[in-house]
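Chains as they are written, first to last, in the UniProt record's numbering: chain R, 1 to 391; chain E, 1 to 391; chain H, 1 to 391; chain Y, 1 to 391. Beta carbons are placed, not taken as given, at the ideal position from N, Cα and C, and that holds for glycine. Here the structure is a predicted model, which means the values were calculated and not measured. First up is the structure itself, then whatever we jot down about it.
Number of protein chains: 4
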Amino acid sequence: MTPTLGIGLIGYAFMGAAHSHAWRTAPHFFDLPLRPELTVLAGRDSAKVTEAAGKLGWRGTATDWRRVIEREDVDLVDVCTPGNTHAEIAIAALEAGKHVLCEKPLANTVAEAEAMAEAAAKAATRGVRSMVGFTYRRVPAIGLARKLVADGRLGQIRHVRAQYLQDWIADPAAPMSWRLEKDKAGSGALGDIGAHVVDLTQHITGQTLTGVSATLETFVTERPLPTETGKLGGVGGAETGQVTVDDAAVFLGRFTGGALGVFEATRFALGRKNGIRIEINGSAGSLAFDFEDMNVLQFFDGSEPAETAGFRRIIVTEPEHPYVGAWWPAGHGLGYEHGFTHQVVDLVTAIAAGEDPTPSFADGLQVQRVLDAVERSAADSSRWTPIRGEN
Amino acid sequence: MTPTLGIGLIGYAFMGAAHSHAWRTAPHFFDLPLRPELTVLAGRDSAKVTEAAGKLGWRGTATDWRRVIEREDVDLVDVCTPGNTHAEIAIAALEAGKHVLCEKPLANTVAEAEAMAEAAAKAATRGVRSMVGFTYRRVPAIGLARKLVADGRLGQIRHVRAQYLQDWIADPAAPMSWRLEKDKAGSGALGDIGAHVVDLTQHITGQTLTGVSATLETFVTERPLPTETGKLGGVGGAETGQVTVDDAAVFLGRFTGGALGVFEATRFALGRKNGIRIEINGSAGSLAFDFEDMNVLQFFDGSEPAETAGFRRIIVTEPEHPYVGAWWPAGHGLGYEHGFTHQVVDLVTAIAAGEDPTPSFADGLQVQRVLDAVERSAADSSRWTPIRGEN
Amino acid sequence: MTPTLGIGLIGYAFMGAAHSHAWRTAPHFFDLPLRPELTVLAGRDSAKVTEAAGKLGWRGTATDWRRVIEREDVDLVDVCTPGNTHAEIAIAALEAGKHVLCEKPLANTVAEAEAMAEAAAKAATRGVRSMVGFTYRRVPAIGLARKLVADGRLGQIRHVRAQYLQDWIADPAAPMSWRLEKDKAGSGALGDIGAHVVDLTQHITGQTLTGVSATLETFVTERPLPTETGKLGGVGGAETGQVTVDDAAVFLGRFTGGALGVFEATRFALGRKNGIRIEINGSAGSLAFDFEDMNVLQFFDGSEPAETAGFRRIIVTEPEHPYVGAWWPAGHGLGYEHGFTHQVVDLVTAIAAGEDPTPSFADGLQVQRVLDAVERSAADSSRWTPIRGEN
Amino acid sequence: MTPTLGIGLIGYAFMGAAHSHAWRTAPHFFDLPLRPELTVLAGRDSAKVTEAAGKLGWRGTATDWRRVIEREDVDLVDVCTPGNTHAEIAIAALEAGKHVLCEKPLANTVAEAEAMAEAAAKAATRGVRSMVGFTYRRVPAIGLARKLVADGRLGQIRHVRAQYLQDWIADPAAPMSWRLEKDKAGSGALGDIGAHVVDLTQHITGQTLTGVSATLETFVTERPLPTETGKLGGVGGAETGQVTVDDAAVFLGRFTGGALGVFEATRFALGRKNGIRIEINGSAGSLAFDFEDMNVLQFFDGSEPAETAGFRRIIVTEPEHPYVGAWWPAGHGLGYEHGFTHQVVDLVTAIAAGEDPTPSFADGLQVQRVLDAVERSAADSSRWTPIRGEN
C-alpha cells in the first residue's frame with residue numbers, strides 16, 4: 001500500500017481552491033509515492049470554512065492554523081493565506097516538523113523572507129522539506145523552455161523581455177480591495193504578478209538578476225470602497241479609500257550571464273487578461289511564450305538555413321513534453337490548474353525521495369530581494385540598484 | 001443534504017479516464033443538484049479493472065456490464081466502450097430504468113442508432129434520461145459561438161467550413177489498431193473525428209445537414225501488426241494487417257438554412273495534432289474556432305465600420321462566458337477535459353430537473369445518418385446524397 | 001546598350017494599373033536583358049485612355065486594339081481586358097508576331113482557351129512567346145512553397161485544402177456589375193478567384209487535378225442596378241438586375257499523385273478581404289499560406305523530433321528567398337503588386353533567352369478545363385467528373 | 001499642366017533607392033499638385049553615381065552635392081547620406097532656398113540637430129519647407145493607430161511598450177561596418193532603429209517623452225574587418241576592428257500625459273528581422289502593431305461587452321484607411337516601400353499648399369534629444385534623466 005501524506009491547508013479562497021484541486025487530482029493521473037489525504041482545511045470563520053471544506057473535499061476543519069500544525073495526522077502544511085501571514089505560519093509549521101508548501105510571494109518583506117529561508121534551511125537538515133508556489137514553472141511549455149536553454153539550444157542569452165499584463169483595475173471605478181493596500185499586500189502589481197515573471201525568467205535561463213533600474217506608478221490613487229466587502233471585482237460605493245501600492249512596475253535588469261532584461265507588470269493593460277509573455281534571445285536561438293496561448297512555445301533555431309528558418313509554434317501537448325504524458329493524447333491541451341497538480345507531483349516526489357524540492361524558500365527569498373531592489377531603485381530616481389545578497 | 005446519483009461506468013481506457021475525472025471534479029466547482037457517487041467501474045479483465053478503479057477513484061468493480069445494470073445503487077450508466085457494443089449496453093440500461101450517458105459515435109450503424117434512439121424515446125416517457133457524449137459542445141468557445149448565432153449576430157448563415165485534422169497515422173510505419181478495422185470501429189476518420197465536426201457545426205448553427213457529396217480515401221492499406229497489442233501508437237513488427245477503414249473523409253454538404261458546408265476529417269494532416277477548425281460566415285458576421293487554441297473564439301462583426309472592423313480574438317475566459325464563472329479568474333484558460341466536466345454538470349442538472357438533456361440519442365442518430373450518407377455518396381461517384389430521415 | 005521591348009497594353013482598369021506599375025518598376029530593381037518601353041495604351045474611350053496613359057506613364061494611346069498590334073514598335077501585347085475578348089485579341093497578336101501576356105482566366109470558355117493554346121503553340125515555333133497572368137505564382141512565399149515540394153521536403157502529397165475568400169458582395173444591397181453577368185464574366189467566384197487557387201495548388205504541388213465533385217451556389221439572385229455605372233462597389237438604385245453567375249463554388253478534387261483536394265471560392269466570406277489560403281499535407285512535411293499575411297509561409301518539417309516540432313513561421317523576406325534579393329534588406333515585406341513586377345521579370349527574361357515562359361496558354365487551358373469540370377459536376381448532382389484532356 | 005518640382009537626391013544606397021522609387025511612383029497613384037522630376041543624383045564616385053542614376057531613373061548626376069544645391073532646376077534636396085553629413089548639406093540647401101527632405105536620424109548630435117532645426121525655422125519664414133524622414137509614420141496601420149488615439153478611442157494613455165528588433169549582427173562573426181563606428185553612425189541600435197520607435201510612439205500618442213532611464217550594451221566589442229569593403233553583411237577576414245557603438249539599448253520613459261514607456265532596440269534578437277512592435281494601453285482601448293505583419297493593426301475596444309470583447313485584427317487595406325484608397329482593392333496588402341511613396345505625397349502636398357510638413361526638423365531634434373538623454377542616463381547608472389529642451 002502507498003503510504004499517506006496528511007495535508008493541512010490554510011486558506012480557501014482562489015489559491016485554496018486551486019491547491020485543493022491539485023491535491024485531489026494528482027494521484028488519479030500520476031503514480032505518486034505518497035498518497036495525499038485532504039485532512040484538514042483551516043480558516044478563521046467557522047461557518048465559511050465548513051462550507052468550503054465540503055465543497056473542496058476536505059475531511060476536517062479548523063479555525064486556528066495552530067491547531068493544524070499540532071495534528072499528528074498532518075504531514076504537510078500548505079499556506080494559501082495573504083502574504084503578511086506567511087512567515088509566522090510557515091516557520092511555525094517547519095519548526096513543528098511539517099513539510100511546507102507556501103504560496104508566493106514568499107513574504108511581504110525581505111526580512112520575513114530571510115527568516116523563512118533560514119527556518120527552511122534548518123528544517124531541511126532534519127528532513128523537513130519546503131517549497132514556494134511559483135506554479136507557472138510547471139506549465140509544460142515553460143518546462144520545455146528551460147530544457148531548451150539547458151540543452152544549449154539558445155547559446156548565450158542576450159535578451160530577456162517579460163511582461164505580466166492584466167487589466168482588472170484599468171477602470172478607475174473598480175473598487176478597493178486588500179490587494180491595493182500596502183500593509184496587507186506588501187506591494188501591488190510588482191509582488192503579485194511581477195514576482196512571477198522574475199521567477200520564470202530566472203528559472204528558464206538558469207541565471208539570476210544582478211541589478212535593476214525601475215519605475216513604479218500608481219495611476220489611480222483613490223478608489224470607491226466596495227459596498228460588498230471582500231469580493232474582488234465587487235461594486236464600489238460613494239466612499240473612497242487610498243490605493244497604497246503600485247498599479248504598474250517597469251524595470252530594466254541584468255542577468256548573471258550578461259543578458260539585458262526588460263520587465264513590466266501591470267493591471268492596466270486593457271484587453272490583456274492574464275498575459276504572461278516571455279521572450280528570450282540567445283546567440284543560437286530564441287524563445288517566446290504567452291500564457292494567453294499557454295500550450296504553445298515558440299522556438300527559433302538559429303542553426304536552420306535562412307531559407308526555412310522561422311519561429312516554430314510548438315504545441316506542447318506531446319508525450320515527449322514535460323508532464324504531458326500523464327494526461328491526454330497528443331494535441332489535447334491543458335489548462336491553468338494543471339500547473340498546480342504538477343507542483344504537487346514534484347513536491348510529493350521530492351519528499352518521498354528525501355530531496356529538497358524547488359523552488360526553495362531560498363529561491364523565494366532571492367525573488368523577494370529582486371522586488372526589494374526594484375522598489376529601492378524606483379525610490380532613488382531609477383538609479384541602477386544591485387540585488388542584495390548576490391555575491 | 002444533496003441526494004446522490006450512483007454512477008456505473010463501463011470502460012476505463014482514454015474515455016473512461018476522462019469521464020472519471022469529470023464525475024470526480026464537477027461537484028467541487030459547480031453546485032450540482034445531485035451528488036455523483038463513483039459506484040462501480042466495469043471491465044472484462046478483473047485485475048485490470050481493479051487497478052483502474054483504484055487509480056480512477058471508483059468504489060467497486062464488475063467484470064460484466066450486466067451486473068452494473070442490475071445494481072440498485074446505480075442510477076446512471078456511463079458507456080465508454082467501443083462503438084460496436086453501445087447499442088446492447090445502452091438499450092439494456094435504459095430498459096432497466098437507468099439514465100444513460102453514451103460516448104460518441106452513438107453506434108457503428110444507422111440501424112443500431114435507430115434502435116437506441118427508439119429505446120431512449122421510450123425511456124424518456126418513464127423519466128429515464130439519455131445523452132450522447134459529443135463533449136466538444138461544452139468547450140466554452142463553442143458555447144459562445146452557438147450563442148452568437150442564436151442571438152442573430154451572424155445573420156443568415158452562408159458558409160460552414162470544418163476540419164478535424166490529426167496526424168497520428170501519417171507515418172505508414174504506424175502499426176495497426178482496432179480503430180483501423182471496420183468491424184470494430186465502424187469507420188475510420190469519418191466516424192471517429194468527422195462525427196465531431198458534423199455535430200459541432202449543426203450545434204452551432206442550429207441547423208442540420210440535408211445532403212452531402214463525398215469522397216473517402218485510405219492512403220495506407222497495409223500496416224505492420226503491433227508487437228505489443230492494444231496500445232495505440234505501439235511499435236509495429238514484421239507481420240502486417242489490412243486497414244479496412246477510411247484514413248480521410250472529405251465532403252460537401254448543405255444545411256437546412258441553405259448554407260454550403262465543406263468538411264474534412266483526416267489522420268494524415270502532418271503537424272496538426274487535434275485541429276478542430278470551424279469557420280462560419282453569415283450575412284451579418286463570421287466566426288472562427290481552432291481547438292489548437294481552444295480558449296479563443298474569433299468573431300467578425302459585420303456591423304462595425306470598415307475602418308475598425310476585424311476578427312476579434314475573444315479569449316473565452318471571462319465570467320460572462322459559458323461555464324467559465326465556476327472556474328478561475330478571467331484569463332486563466334481551461335483545458336481539454338473541462339468539456340467532460342461541463343457535460344456531467346448539464347446532464348446531472350437535466351436529470352434533477354426532469355428534463356431531457358442534449359445532445360439526445362436522436363441527435364446522435366441524426367449524425368449517424370449524415371455519416372451514412374457520406375459513405376453512400378462516396379460509394380456512388382460522389383453523387384449528391386440526401387440525409388435519410390430528414391423530412 | 002540594353003535593347004528595348006515595346007509594350008502595348010490593352011485595358012487600363014485595375015489590372016491595367018497593376019501591369020503598368022510592373023512594366024515601369026521592374027527595370028529599376030532587376031537587371032533585365034530587355035528594357036521595356038511603355039509604348040502604347042489602348043482603350044475604347046479616347047478621352048479616358050488619354051487620361052489613363054498620362055497617369056500610368058504610357059507614351060501613346062489607341063482606341064482600337066488592332067492599331068496596337070499593327071505597330072512595329074510594339075513587341076509585346078499585354079491583354080488586360082474582360083475575359084470574353086481575350087481570345088480574339090491574343091490570337092490576333094500572336095499571329096502578328098507579338099509576344100503576349102494575357103490576364104487570367106485565359107478565356108471564358110474551354111473552346112476559346114483551346115484556340116488560344118493552339119495559337120500559342122504555333123507562335124512558339126516562330127519564337128513568339130506567350131504567358132497567362134496567374135500572378136500569385138510570383139509571390140515569394142508561393143515560390144518558396146513550390147521549391148520545398150520540389151526539394152522533397154513534403155514527401156508524398158496527401159491533402160490539399162485551398163480557399164479564396166472575399167466578401168465584397170456579401171451584402172445583398174451591393175449593386176450589380178459586369179462581374180455578375182455570365183455573358184461577360186463567364187462565371188462568378190469560380191473563374192474570377194477559384195481559378196487562382198486551382199492554378200496555385202497545381203503549381204505548388206507540380207501535379208494536376210484529374211477529377212472533381214462540385215456544387216455552385218448563387219445566394220443573391222437579384223441585385224440593384226448601380227446608379228453610377230461601371231464602378232465596382234458603386235451605389236445601387238431602385239431597379240434590379242439578375243445575377244447569372246455563381247456567388248460561391250465548393251469542390252472536391254483529386255491530384256495526379258493521389259492527393260485529396262478541397263476547394264472553396266466565395267465572395268460571401270464576411271470579414272475575409274483577399275484570403276487566399278492554401279494548406280498542403282505530405283508524408284514528410286506540411287505547408288500553410290494565407291495571403292492576408294502574404295510575406296509568411298508556414299512549414300512543418302516532419303523530420304524534427306516531436307519535442308521541438310511545430311509549424312515554422314518563415315518570414316519570406318530574406319535574400320535567400322525567391323525574388324527578394326532585388327528589393328530591400330531582410331524583414332522588409334513586399335506587397336500585392338510585387339507579384340506583377342516579378343511576372344514581368346520572368347517574362348522578359350524568357351523572351352530574351354528564347355524560352356517559353358510559364359504559366360503557358362496550355363497551362364491556362366488546363367485550368368479552364370478544371371473550371372469546366374466543376375460546372376459540369378455541379379450541374380450533374382455533384383457527380384465525380386474527370387478533367388477533360390487529361391490523358 | 002501640373003507644375004514640376006525638380007528633385008536633387010544626395011546618396012544612392014539603400015535609402016537612395018527607396019526614395020527614388022517613391023519619387024518615380026507617387027504621381028502614378030496619387031494626384032499630386034506638383035509633378036516630381038528626378039533631376040539629379042549626387043554621389044562622390046563618378047562611375048558609380050552614373051550607374052546608379054541609370055538604374056534608379058535620374059536624368060543627371062553630380063559628384064559634389066554643392067553642385068546640386070546651385071542648380072536652378074532643383075527645387076528640393078533629398079538627403080540620403082550618412083548622419084554625420086546631414087547638417088552641412090541640409091543647412092546649405094535650406095539657405096539656398098531649396099526644400100529639404102532629410103533622412104533620419106536628423107543628425108548625429110544634438111548640437112547639429114539644433115542648428116538644422118534653427119535653419120529650418122528660418123527657411124520656413126521664406127516659404128522653404130523641410131521634413132525629416134521618419135517614414136514608418138506613413139505605414140497605413142500606423143496612421144490608423146494615430147487616428148484612433150486622436151479620436152479618443154484609447155482614452156487616457158497609460159502604457160506604451162515599443163521594440164525594434166533585428167538580428168543582423170547577432171552572429172559574432174558578422175563583420176565590421178560603418179554602422180558600428182561611432183564617429184560615422186553616431187550611435188548603434190539606439191539611433192538607427194531606436195529613433196524610429198521613439199518617433200512612432202510619440203507620433204501615435206500625440207505626446208512626447210519627458211524623461212528616461214536607460215542602459216546600453218555592446219555584446220560583441222571586436223569584429224572581423226570585412227574583406228570586401230562597404231558591403232553590409234559581407235564576409236569577415238582575419239583582422240579585427242573595434243565596435244564603438246551600442247548593440248542594444250533598453251530604456252524606460254514617461255510621456256507628457258503620464259504614460260509609462262518601455263523601449264528596446266537591438267540587432268541581437270535572433271529570428272526577428274525587422275520587428276517594430278508597438279503596444280499602447282489606454283483607459284478606453286488598446287492597440288498593438290508589429291511590422292512583421294505590417295498591414296494589420298490590433299485594436300481592443302474597452303467599450304465592448306466582456307462577452308464579445310477581444311483584440312480585433314484590422315487588416316488595414318480598406319479604402320477607408322489612410323493612403324490605401326490610392327492603391328488596390330480591399331485586402332491587397334502594401335509593402336515596406338509604400339511608406340516612402342506616402343511620405344513624398346504628403347511632402348509635395350504641403351509644399352504646394354504652402355504649409356510646413358511633418359515631421360519637421362524640430363520634431364527630428366526632439367527625437368535627438370531623447371536619444372541624447374538615453375545615452376546620458378546610461379552613462380550615469382541609469383539615473384532618471386529629463387529630456388532637454390522640454391519646457
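Legend entry - Nearest-angstrom Cα separation, counted from H:F291 out to R:G310: 18 Å
Inset, instruction - Find out if the Cβ-Cβ distance for the pair R:E337, R:H21 is shorter than 8 Å. - result: Contact flag set, yes.
Inset, instruction - Over the uninterrupted beta strand (DSSP E) stretch that includes E:P224, give me the two end residues. - result: Unbroken beta strand (DSSP E) run through E:P224: E222 to P226.
Legend entry - Short CB-CB distance (under 8 Å) between H:T215 and chain E: yes
Inset, instruction - Helix, strand or coil for E:T341, going by three-state DSSP, please let me know. - result: helix
Inset, instruction - Report yes if the C-beta distance between H:F268 and E:H159 is below 8 Å; otherwise report no. - result: yes
Legend entry - Through-space distance from H:L165 to H:L347, alpha-carbon basis: Taking the straight line joining both Cα atoms gives about 29 Å.
Inset, instruction - With a floor of 3 residues, list each beta strand (DSSP E) that falls wholly inside the segment 133-198 of chain E, ordered by position along the chain. - result: 157-165
Legend entry - Euclidean distance between Cα positions of H:I387 and E:G275: 32 Å
Legend entry - Contact with chain Y by E:D75, beta-carbon distance below 8 Å: no
Inset, instruction - Using a Cβ-Cβ cut-off of less than 9 Å, give me the residues of the segment 320-341 of chain Y that come near chain E, in sequence order. - result: E320, H321 and A330
Inset, instruction - Using a cut-off of 9 Å between C-beta atoms, extract the partners of Y:G302 located in chain R. - result: D167, A170, D171, L270 and G271
Legend entry - Between the CA atoms of R:G127 and E:G335 - distance to the nearest angstrom: Taking the CA atoms as reference points, E:G335 sits about 36 Å from R:G127.
Legend entry - Rounded C-alpha distance that separates Y:T81 from Y:G11: When the Cα atoms are used, Y:T81 and Y:G11 turn out to be separated by approximately 5 Å.
Inset, instruction - Examine chain Y for any beta-carbon lying closer than 8 Å to the beta-carbon of H:E355, and answer yes or no. - result: no
Inset, instruction - With DSSP collapsed to three states, give me the class of R:A265. - result: strand
Inset, instruction - Just confirm the distance between the C-beta atoms of E:T256 and E:T201, as a whole number of angstroms; I'd bet it's less than 8 Å. - result: At roughly 12 Å, the Cβ-Cβ gap does not stay under 8 Å, so E:T256 and E:T201 are not in contact.
Inset, instruction - List the residues of chain E that R:H21 touches, going by C-beta distances under 7 Å, in chain order. - result: Against R:H21, the close residues of chain E are H28, in the order they occur along the chain (beta-carbon pairs closer than 7 Å).
Inset, instruction - Specify the secondary structure class of R:M15 as computed by DSSP and reduced to three states. - result: helix
Legend entry - Sequence-distant residues of its chain with Cβ nearer than 8 Å to H:G211 (five each side left out): G253, R254, A373, W384, T385, P386 and I387
Inset, instruction - Starting from the Cα of H:A92, find the closest Cα among H:D73, H:W65, H:N108 and H:L106 and give me that residue. - result: H:W65
Legend entry - is_contact[R:G188, chain E] using C-beta, thresh 8 Å: no
Inset, instruction - Could you tell me the distance, in whole angstroms, from the CA atom of Y:G236 to the CA atom of Y:A174? - result: Cα-Cα distance, rounded: 7 Å.
Legend entry - C-beta contact flag for R:G206 and R:Y323 at 8 Å: Between R:G206 and R:Y323, the C-beta gap is not smaller than 8 Å, which leaves the two residues out of contact.
Inset, instruction - Within its chain, find whatever has a CB closer than 7 Å to the CB of H:Q343; leave out the 5 residues flanking it on each side and keep chain order. - result: A22, G133, T135 and R138
Legend entry - Beta carbon proximity, R:T349 to chain E, threshold 8 Å: Cβ-Cβ to chain E under 8 Å: no for R:T349.
Inset, instruction - Please classify E:S382: is it buried, with 16 or more other beta-carbons within 10 angstroms of its beta-carbon, or exposed? - result: Looking at its Cβ environment, which holds 16 or more other Cβ atoms inside 10 Å, E:S382 is buried.
Inset, instruction - Check R:G230 in the structure and name its three-state DSSP category. - result: Because R:G230 carries a pLDDT of 48, less than 50, the predicted location of this residue cannot be relied on, and the following value inherits that uncertainty. It is coil, neither helix nor strand.
Legend entry - Selection of the segment 244-267 of chain H by Cβ proximity to chain E, strictly under 7 Å: Identification of residues in the segment 244-267 of chain H having a C-beta nearer than 7 Å to some C-beta of chain E yields A248, V250, L252, L260, V262, E264 and T266, given in sequence order.
Legend entry - Coarse secondary structure for E:I204, derived from DSSP in three states: helix
Inset, instruction - Please state whether DSSP places H:P329 in a helix, a strand or coil. - result: It is coil, neither helix nor strand.
Inset, instruction - Check whether the Cβ atoms of E:V40 and E:R24 sit closer than 8 Å, and answer yes or no. - result: If you check the CB distance, E:V40 and E:R24 do not come in under 8 Å.
Legend entry - Contact list for the segment 150-164 of chain H against chain E, Cβ threshold 8 Å: Listed by position along the chain: R158, H159, R161 and Q163.
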